[in-house]
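Structure first, then comments.
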Amino acid sequence: MEERYDALKIEEKWQETWAREGTFEVSEDPDKEKYFMLEMFPYPSGKIHMGHVRNYSIGDVVARFKRMQGFNVLHPMGWDAFGLPAENAAIQNRSHPAKWTYENMDYMRTQLKKMGFSYDWSREIATCHPAYYRWEQLIFTRMFERGLVYKKTSSVNWCENCQTVLANEQVSAEGECWRCDEKVVDKSLDQWFFKITDYAEELLEFTDKLPGWPEKVLAMQRNWIGKSLGAEVEFTLEGSDEVIKVFTTRPDTLYGVTFMSLAPEHPMVKQLSSGTGREGAVNDFVERMKGIDKIARADDTKEKEGVFTGGYVINPVNGDRVPVYMANFVLMDYGTGAVMAVPAHDQRDFEFARKYDIPVKVVIQPEGERLDAESMEEAFTQAGLMVNSGSFDGMGSGDAKGVITAHLEEKKAGKGTVNYRLRDWGISRQRYWGTPVPIINCDSCGAVPVPEDQLPVALPENIDFDAKAISPLAAIESFVNTKCPECGGDARRETDTMDTFVESSWYYARYASPRHATAPVDKAKTDYWLPVDQYIGGVEHAVMHLLYSRFFHKVLRDMGMVSGDEPFKNLLTQGMVCMESNRCPEHGWLAPEEVEEGRCADCGSKVIVGRTEKMSKSKKNVVDPDHLISKYGADTARLFSLFAAPPEKDLEWNEAGVEGAYRFLGRVWRMVFDRLDQIGKAKPYTTGELGSDAKGLRRKTHQTIKKVTEDVGTRFHLNTAISAVMELVNAICQFDAKGEKDAGVMREAVETVVLLLTPFVPHMTEELWTLLGRKGMVSDAAWPGFDPDACVEDELTIAVQVNGKMRGTLTLPASSKDDEIKEAALEDSKVKKHTEGFEIKKVILVPKKLVNIVVGK
RNA sequence: GCCGGGGUGGCGAAAUUGGUAGACGCAAGGGACUUAAAAUCCCUCGGAGGUUUCCUCCGUGCCGGUUCGAUUCCGGCCCUCGGCACCA
305 MEERYDALKI
315 EEKWQETWAR
325 EGTFEVSEDP
335 DKEKYFMLEM
345 FPYPSGKIHM
355 GHVRNYSIGD
365 VVARFKRMQG
375 FNVLHPMGWD
385 AFGLPAENAA
395 IQNRSHPAKW
405 TYENMDYMRT
415 QLKKMGFSYD
425 WSREIATCHP
435 AYYRWEQLIF
445 TRMFERGLVY
455 KKTSSVNWCE
465 NCQTVLANEQ
475 VSAEGECWRC
485 DEKVVDKSLD
495 QWFFKITDYA
505 EELLEFTDKL
515 PGWPEKVLAM
525 QRNWIGKSLG
535 AEVEFTLEGS
545 DEVIKVFTTR
555 PDTLYGVTFM
565 SLAPEHPMVK
575 QLSSGTGREG
585 AVNDFVERMK
595 GIDKIARADD
605 TKEKEGVFTG
615 GYVINPVNGD
625 RVPVYMANFV
635 LMDYGTGAVM
645 AVPAHDQRDF
655 EFARKYDIPV
665 KVVIQPEGER
675 LDAESMEEAF
685 TQAGLMVNSG
695 SFDGMGSGDA
705 KGVITAHLEE
715 KKAGKGTVNY
725 RLRDWGISRQ
735 RYWGTPVPII
745 NCDSCGAVPV
755 PEDQLPVALP
765 ENIDFDAKAI
775 SPLAAIESFV
785 NTKCPECGGD
795 ARRETDTMDT
805 FVESSWYYAR
815 YASPRHATAP
825 VDKAKTDYWL
835 PVDQYIGGVE
845 HAVMHLLYSR
855 FFHKVLRDMG
865 MVSGDEPFKN
875 LLTQGMVCME
885 SNRCPEHGWL
895 APEEVEEGRC
905 ADCGSKVIVG
915 RTEKMSKSKK
925 NVVDPDHLIS
935 KYGADTARLF
945 SLFAAPPEKD
955 LEWNEAGVEG
965 AYRFLGRVWR
975 MVFDRLDQIG
985 KAKPYTTGEL
995 GSDAKGLRRK
1005 THQTIKKVTE
1015 DVGTRFHLNT
1025 AISAVMELVN
1035 AICQFDAKGE
1045 KDAGVMREAV
1055 ETVVLLLTPF
1065 VPHMTEELWT
1075 LLGRKGMVSD
1085 AAWPGFDPDA
1095 CVEDELTIAV
1105 QVNGKMRGTL
1115 TLPASSKDDE
1125 IKEAALEDSK
1135 VKKHTEGFEI
1145 KKVILVPKKL
1155 VNIVVGK
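The first sequence begins at 305 in my numbering and counts up by one.
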């Protein structure tokens, strides 16, 4: 009896069975070790893409593997459902963002179910649901009470014509509004910020305590936090008590300061120039800098330029009169917006000084060399010996950093400080489709958080995107007008919504108790399930999402809602799914099906083949998972995306490779079918009664269990785990069972293949498991163990080298003693050819592996 | 400029602690089966050379070092991908 492998029929059947039986639904079980497997939840953009297929296939292998190993596995799924695309689609279709979002979620849920992922769908969450965001609003108000939320004036993109705030994505490269092409301008607005900088030090410190994270991601986060040690130094204004503070990492160069540079936005600029006759030039410069938009100013390796303000400050260590300039390269939002300039020892200051004829003063001399301020051509930025620095002369510049800082502290003219690049997190969005900021603005009480019993602040459903208002919510009077919770007087609701990164910063914790109705999380349940044991997602989230989540976890910890310091114990960042792109000179980018034999299917022009890069709709180098599933089935899609490359590397899409995966599944299917008769006759055996072939197959079976267990469980080498199973399948196909004992060995081998493949291709293995006459589901079966004795080879293959060069191999009984192996190697005819006429100086033996004979004259 | 990856056959890759480089798969070529095709099965497959059941030399980006032995460790360089950056 031969039956064809009908993937679609099998997959539908088992997906229904798993859903009916609630196979992957879990609850807390104190007797079982828990394992929380989480993949980054998707944005409901419309359809799943190959990146999702890959990400979720990797996660599903781990989840199913751990489940079979007996862990209580929490493997949830949900939707990062707020965001701008829904709003854009609604504007375009004259529809509602909720409609678009919920329809997309429905479609994508169906797609994910067709992939057979082992999710506990009873825990599904959607962040746009009031039952989710009400708790986010509660967390916001608690953060507000703790001083972790504040309001600050900050600029946004503003369209004068539409009278609305635009997201960066809604501003064209030319700086125009996406809807009306009006030139976009900066507008200052009061916006909400989370004080992530309060946690900068802890976030940095813990990058050294996350051994389960890739070094790459930790480095990016350290970089982002950007800690630098230095000193804050106060320079007093000449003829005034006022001071300008600067931040420097080089207090050792303080005696070499010959000017100061301020950011054009610095608040002291006006005061410095007034009455100096420089007001006009200063004003021109400030106005000109305002005109250059932020992107252009930061972008180019632009010429350093500046202008003298006319004012002077006094150097606190030596009383020098220091002229103050404005410079285009000084940033208002890093340090203090003011820089002490030491041209002799900073390249940028050096160029500036030469350009504007400002003196250069050497205060650090390299050892064995003499710098001359007049003739030097670039700044000397390394360590050396202090000169021209008063009592510090002769000291090493490294030591001087601390000593001068202490000296400043004594004189009350400065102190040692730490500076971070990390900025507070601006969360205000002047958009509709997001979590409303739960604040009521009252003229007499100020900003008042919405009391817990009035949450959620629900998004109003009637919305008019054409209304001219600072944000869509601001146009809805019934939403805006309310009473102050404190004084009961008339008040106005905050109309900003939160950045969607806020929702994704705590969703992992909500999965532990997704329907909890009295708090964001049920502490007992989060204590059981958290932290996430394995988190998987794209490396594009290395900084923002993963840093914000770490911040939130620490905040929730400090509020007593969760235990532990970090949310994600192990992190895997999977690579992108890439494909070649094709471009027709006439028709632009072509999808794979629009190309026929290197030519455009439409016009016959020769296509230009682009380099392989991330699949993207704009370049049409995409494969639709729906087509793949309907052509080959989900198991093939899963297998290929797991086999073609290791998880953390980019995967190059290759249709022939998909065919190969499909062929392998067909081969496994036939392997089982063709052997059902023989397997039915299998009898138990003892190892002693097996022939060498049977013993060999049994050995291969156990070696494969060992390899796959290690590859999946400890190394995430899913591609080599699959290739190990392929080897076992090849071995089974070559094995000729003679009699019932051999059939017993074969049965064990075949069942092992089915068990080991279950995390990868679960539908097919369920079907085969049933065919093999096993009761119950293979998804519920125990992961096979291996017998270490069965893995041991009877014969050793010893590599033989002469002077480190391979000269052949020896096959010897496993029981051979080291001396016997050495002797056999020396006797070997190929070896003799290379040792004759030489003196044998040394024989090196690596037990069970290799003999190296060292010879010389 | 700083930080972090990576560089191995025609291609995707493997080599877990310094010990037989190229497992597994794709592509390609040859063969079997078939009226034929598809499917399937079998064989070959890093390069060069030779006295061709086998042997020799070369080969993991480049140059050097350590070692009996280096894809693996060390030093220097090249290329490439990613992140950060007028960061004071």
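Think of the CB as a built atom: it goes at the ideal place given N, C-alpha and C, for glycine as much as any other residue.
Just so we're clear, the structure is a prediction, and the values are computed from it rather than from any experiment.
Other residues of its chain near residue i: CB distance less than 7 angstroms, five sequence neighbours each side excluded
i: residue 925; result: 883, 884, 885, 919
i: residue 365; result: 946, 1016, 1022, 1063, 1064
i: residue 873; result: 516, 835, 836, 837
i: residue 730; result: 458, 495, 497
Cβ-based burial, residue i [other Cβ within 10 Å; buried from 16]
i: residue 1050; result: buried
i: residue 929; result: buried
i: residue 625; result: exposed
i: residue 752; result: buried
i: residue 1004; result: buried
i: residue 308; result: exposed
i: residue 533; result: exposed
i: residue 515; result: exposed
i: residue 984; result: exposed
i: residue 798; result: buried
i: residue 1084; result: exposed
i: residue 912; result: exposed
i: residue 877; result: buried
i: residue 525; result: buried
i: residue 380; result: buried
Residue range of the unbroken alpha helix (DSSP H) whose run includes residue i
i: residue 811; result: 811-814
i: residue 833; result: 827-833
i: residue 1037; result: 1022-1038
i: residue 744; result: Taken as a continuous stretch (DSSP letters only), residue 744 belongs to no alpha helix (DSSP H), being part of the beta strand (DSSP E) at 743-746.
i: residue 527; result: 519-529
Rounded straight-line distance, which links the Cα of residue j to that of residue i
i: residue 733; j: residue 443; result: 18 angstroms
i: residue 977; j: residue 1056; result: 15 angstroms
i: residue 712; j: residue 492; result: 37 angstroms
i: residue 645; j: residue 510; result: 34 angstroms
i: residue 784; j: residue 749; result: 17 angstroms
i: residue 904; j: residue 914; result: 14 angstroms
i: residue 1119; j: residue 1152; result: 10 angstroms
i: residue 667; j: residue 560; result: 5 angstroms
i: residue 865; j: residue 540; result: 48 angstroms
i: residue 1147; j: residue 1137; result: 16 angstroms
i: residue 406; j: residue 422; result: 22 angstroms
i: residue 975; j: residue 369; result: 23 angstroms
First through last residue of the beta strand (DSSP E) which encompasses residue i
i: residue 796; result: 794-797
i: residue 893; result: 892-894
i: residue 878; result: 875-878
i: residue 785; result: 785-787
i: residue 269; result: For the chain, the structure presents residues 305 to 1161; residue 269 sits outside this window and is missing.
6 angstroms CB neighbourhood of residue i in its chain, flanking five on each side removed
i: residue 336; result: 376
i: residue 323; result: none
i: residue 893; result: 887, 923, 924
i: residue 1028; result: 1008, 1011, 1012
Cross-strand partners of residue i (DSSP beta bridge)
i: residue 490; result: 461
i: residue 1110; result: 1105
i: residue 900; result: 903
i: residue 839; result: 342, 875
i: residue 382; result: 429
i: residue 1156; result: 1105, 1148
i: residue 535; result: 552, 720
i: residue 627; result: 616
Residues of its chain near residue i, where Cβ-Cβ distance is below 8 angstroms and the 5 sequence neighbours each way are ignored
i: residue 1144; result: 1130, 1157, 1158, 1159
i: residue 467; result: 772, 773, 774
Distance cut-off 7 angstroms: residue i Cβ against heavy atoms of the ligand ZN
i: residue 943; result: This structure does not include the ligand ZN; it has no bound ligands of any sort.
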